[in-house]
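Before any comments, here is the structure.
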Amino acid sequence: MLKRTSIIVFFLIFLFSLPASVSPRSLSCEYLMELGKEELRNGCYEEAIHYFTLARLACPCAEKPLFYINLIKRLREGRLREVTPPPEAPPPEERIIPQKVFPPKKKAVPPEKKSSLLARRRRIIARTLDKFERKRRRVKRKKKEAFQFPFISKLFPPKKVERVAEIVKKERVIYLDEQMWSLQPKTVIEIPKDSSVVIVGRNIEKYFIVSEGFVVTERIDKDRIRITGKRIGATFFHLWDNRGRWTFYLKVVFPIKFLPPVEEELVEEEAPFFRFGYSADGSSYYSGKRLGSVKRDSLSFTQRTEIYGEIPYGKIDASANFTKFKETTEVTSYTVGLTKGRIGNFKDFNIRGFDIYKRFSSLSLPGGGVRGFTLEARAFRDKLAYEFFWGRERVVYGYFTPGVLEKREAYIEGLKFTLFPEERNNYSINFAKGYGRARPSYLKERVFSLQTQNFLGDIKLTSEIASDEY
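Its first residue numbered 8, the sequence shown is counted upward by one per residue in the working numbering.
See below:
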């Protein structure tokens, strides 16, 4: 028993004596931090935030993951930008008295030797690039998938990245596709001075310029690089993406001057003035057996006034009819309407109130006058037209009993939908309803009809089927 107890005590002492640096938790935190920094250097902010979040969960007491997460957020919001420190000022040089110096005479290099030097330089560059590419393939390994905690994937589901078409002004876009790959490696790109070219590939890893000073490169994101011409000349440009190595011969040429576009002269157009209209018409009714003995039975005098014009909400009009009888003058009808109306996003509608005349079809609503209102509008880019109206059956006047106004307790309302109203072949659905105490008992309360219009060449075919038994 004593021997077993001593063995357990020695085992516990051995466990507590292990150094804390071998903790897999701290090792995983450092590994995740390195992966996050690598993605941040490549410009992949989503992957970097993912690794920094995992590092923070692995080691909650660490402050560096939170620092990098806040840094990426500020970079995305544009509150932080990278600033290149200015170069250090050179030490003051001693004043040198200028003297006339004759440059040494350069020895003329024979053309054969010059061509051999150029060929040797090209071989050295090609050998260096091949060596670098072999090293890159040897070092490149399959990236391990980061561990995902189940509760993290539920709380933060992956967001769908939508590609938005971006309009680049004054920039050519070159896509590294199959057609461009067939032109390798003798691909020449001409860039006007002070202009840019955007190269679009897939996961651009590295790139470099052989002779600096002629162009300036800028990484937009992991798939795009902007090249701007700064000095007249030429250089080689090498790039690596998922397909492999690309080689371009960049030539910076003189810029092409374009004439500025002629600006259109904006002319302020005023709406026409409101117009006023007036018309008059008289009528009389005579009866008798002979021309000399006829007597006048009725006399009426009708006047019509109207005003119409354009307002910011469309074209408006209003009119009224006045009828003069033997002893009285009465307003027989009046109406107000707005045509081609526009109120906010609601446009191209017609609305009219008071005395109106409405007709749908021969079997649903053959036509009639009501005192109410109507609305006509379009929807779905003029693919669907709809009409609605409601009103009381119109007031009836009689020439033989002037001044007697008959108001019938009868109302009518209707709704119509037309599919493809602007096309030759269209289809309509009509619905009308009548109610009120003054409606005749033999009339049905509702009616429903389907109406079509089709063309076979120059032959127009119309059809309608209706029902009032429901």
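Ideal Cβ placement from N, Cα and C applies to all residues, glycine included.
Cut-off 6 Å between Cβ atoms - residues of its own chain near residue i, not counting five sequence neighbours on either side
| i | result |
| --- | --- |
| Ile472 | Leu457 |
| Asn328 | Arg311, Thr339 and Ser340 |
| Thr60 | none |
| Gly240 | Phe221 and Val259 |
| Ile323 | Leu345 |
| Ala439 | Ser371, Leu372, Gly421 and Val454 |
| Leu468 | Asn461 |
| Tyr52 | Ile79 |
| Gly379 | Trp397 and Gly398 |
| Gly443 | Glu416, Ala417 and Tyr418 |
| Tyr364 | Gly376 |
Proximal residues to residue i (C-beta, below 8 Å), its chain only, five neighbours per side dropped
| i | result |
| --- | --- |
| Pro262 | Pro199, Lys200, Asp201 and Ser202 |
| Gln191 | Trp253 and Thr254 |
| Arg303 | Ser291, Tyr292 and Tyr293 |
| Lys237 | Lys200, Asp201, Gly220, Phe221, Val222, Val223 and Val259 |
| Arg63 | Ala69, Pro72, Leu73 and Ile76 |
| Gly50 | Arg226, Asp228 and Lys229 |
| Tyr194 | For the sequence presented, residue 194 should be read as Thr rather than Tyr. Answer for Thr194: Met187, Trp253, Thr254, Phe255 and Tyr256, listed in chain order. |
Top-ranked residue by Cα proximity to residue i, from the options
| i | options | result |
| --- | --- | --- |
| Gly421 | Asn433, Asn437 and Lys237 | Asn437 |
| Pro279 | Ala445, Phe308, Asn249 and Pro319 | Pro319 |
| Glu313 | Lys331, Tyr341, Asn49 and Thr335 | Tyr341 |
| Lys44 | Tyr75, Ala69 and Arg63 | Tyr75 |
| Leu426 | Arg415, Gly443 and Ala392 | Ala392 |
| Arg209 | Glu219, Lys193 and Asp184 | Asp184 |
| Glu317 | Lys347, Arg130 and Leu298 | Lys347 |
| Arg233 | Gly251, Glu452, Ile211 and Asn249 | Ile211 |
| Leu39 | Leu468, Leu124, His57 and Arg48 | His57 |
| Arg179 | Arg444, Val204, Thr459 and Gly251 | Val204 |
| Gln460 | Arg349, Arg431, Glu394 and Phe281 | Arg431 |
| Thr235 | Glu219, Asn249, Asp248 and Arg250 | Glu219 |
| Leu450 | Gly284, Leu463, Gly464 and Tyr418 | Tyr418 |
| Phe387 | Asp475, Gly375 and Phe353 | Phe353 |
| Glu416 | Trp397, Arg446 and Arg385 | Arg446 |
| Tyr285 | Thr381, Ser326 and Ser305 | Ser326 |
| Pro67 | Asp475, Glu37 and Phe308 | Glu37 |
| Ser305 | Leu124, Phe361, Phe332 and Asp355 | Phe332 |
| Phe501 | Ser307, Gly299, Leu298 and Gly321 | For the chain, the structure presents residues 8 to 477; residue 501 sits outside this window and is missing. |
| Leu82 | Arg48, Leu64, Ala69 and Arg63 | Arg48 |
| Glu337 | Val343, Tyr364 and Ser307 | Ser307 |
| Asp389 | Gly50, Glu429, Lys138 and Ile466 | Glu429 |
| Leu382 | Ser368, Arg401, Phe283 and Val343 | Val343 |
| Ser470 | Ser368, Gly441, Arg401 and Ser448 | Ser368 |
Nearest-angstrom Cβ-Cβ length linking residue i and residue j, presumed shorter than 8 Å
| i | j | result |
| --- | --- | --- |
| Arg399 | Val377 | 6 Å |
| Val207 | Phe243 | In fact, because the Cβ distance is near 20 Å, the residues do not count as touching under 8 Å. |
| Leu257 | Ile196 | 5 Å |
| Glu394 | Lys423 | 4 Å |
| Arg250 | Trp188 | 7 Å |
| Thr309 | Thr335 | So it is not a contact: roughly 13 Å between Cβ atoms. |
| Phe361 | Ala384 | Contact doesn't hold; Cβ gap of about 19 Å is too wide. |
Residues of its chain near residue i, where Cβ-Cβ distance is below 7 Å and the 5 sequence neighbours each way are ignored
| i | result |
| --- | --- |
| Glu54 | Glu46 |
| Val301 | Tyr293, Ser294 and Gly295 |
| Asn433 | Thr425, Leu426, Phe427 and Gln460 |
| Tyr182 | Val207 |
| Asp248 | Leu183, Gly208, Arg209, Asn210, Ile211 and Glu212 |
| Ser215 | At residue 215 the sequence reads Phe, which differs from the Ser that was named. Hits under 7 Å: His245. |
| Arg366 | Leu372, Pro373 and Gly374 |
| Lys71 | Met40 |
| Asp475 | Lys451, Arg453 and Val454 |
| Ile350 | Tyr320 |
Residue i at chain C interface by Cβ criterion, 8 Å
| i | result |
| --- | --- |
| Arg250 | Protein chains in the displayed structure number just one, and chain C is not present. |
Proximity test, residue i beta-carbon vs the ligand ZN heavy atom, cut-off 7 Å
| i | result |
| --- | --- |
| Arg63 | For the structure depicted, the ligand ZN is absent and the ligand set is empty, with no information on it obtainable. |
(message) Can you confirm whether the region 284 to 292 touches the region 208 to 227 when touching is taken to mean that 3 or more C-beta pairs between the two stretches lie within less than 8 Å?
(response) no
(request) For the region 396 to 472, list the beta strand (DSSP E) runs that are entirely contained and at least 3 residues long, ordered along the chain. (result) 418 to 426, 433 to 442 and 453 to 463
(request) Return the chain-ordered ranges of every beta strand (DSSP E) run that is complete within the region 227 to 310 and spans a minimum of 3 residues. (result) 231 to 236, 240 to 247, 252 to 260 and 282 to 294
(message) In chain order, what are the residue ranges of uninterrupted beta strand (DSSP E) at least 3 long that sit wholly in the region 176 to 226?
(response) 178 to 182, 194 to 199, 203 to 207, 213 to 216 and 222 to 226
(message) Which runs of the beta strand (DSSP E) at least 3 residues long sit entirely within the region 343 to 404? Give them in chain order.
(response) 353 to 365, 375 to 386 and 391 to 400
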